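Reviewing the structure listed below.
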C-alpha cells in the first residue's frame, strides 16, 4: 500500500527551492559604523571575523569610551 509521501516530499522540496530562489538578498546594516563614525573595516576583516579592535570593542559592551587602539 502506497502512502503518497513521495508527492508531499516533492511538493515541499519545490516550495523550499522556490522560496530560496525568490528570496531577496540580505544586506548588513552598518549601525555601529553609523553610531561610531568608523568604517566597518575597523572591526571586521571578512565577515564574521573580527579584528583585535573589534574583539575589544565587543568585549567592552560596544562602547568606545576608554578604548585604546
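Residue numbers (the numbering used here): 454 to 522.
Built from N, CA and C at the ideal position, the CB exists for glycine as well.
As the structure is a computational prediction, the values presented were derived from the model and not from experiment.
Under the three-state DSSP convention, the category residue 479 falls into: Stepping through the chain shown from its first residue, residue 479 is reached at position 26. Here residue 479 carries a coil assignment [DSSP, helix/strand/coil].
Discussion item. With H, G and I counted as helix, E and B as strand and the rest as coil, what does DSSP make of residue 503?
Written reply: Working through the chain shown from its first residue, we reach residue 503 at position 50. Three-state DSSP puts residue 503 in a strand.
Item to complete: May I have the straight-line CA-CA distance separating residue 508 from residue 487, to the nearest angstrom?
Response: Numbered from 1 along the chain shown, position 55 holds the residue referred to as residue 508. Numbered from 1 along the chain shown, position 34 holds the residue referred to as residue 487. When the Cα atoms are used, residue 508 and residue 487 turn out to be separated by approximately 18 angstroms.
- Task: Report yes if the C-beta of residue 480 is less than 8 angstroms from at least one heavy atom of the ligand SAH; otherwise report no.
- Result: Absence of the ligand SAH is noted for the structure shown, with no ligands found whatsoever.
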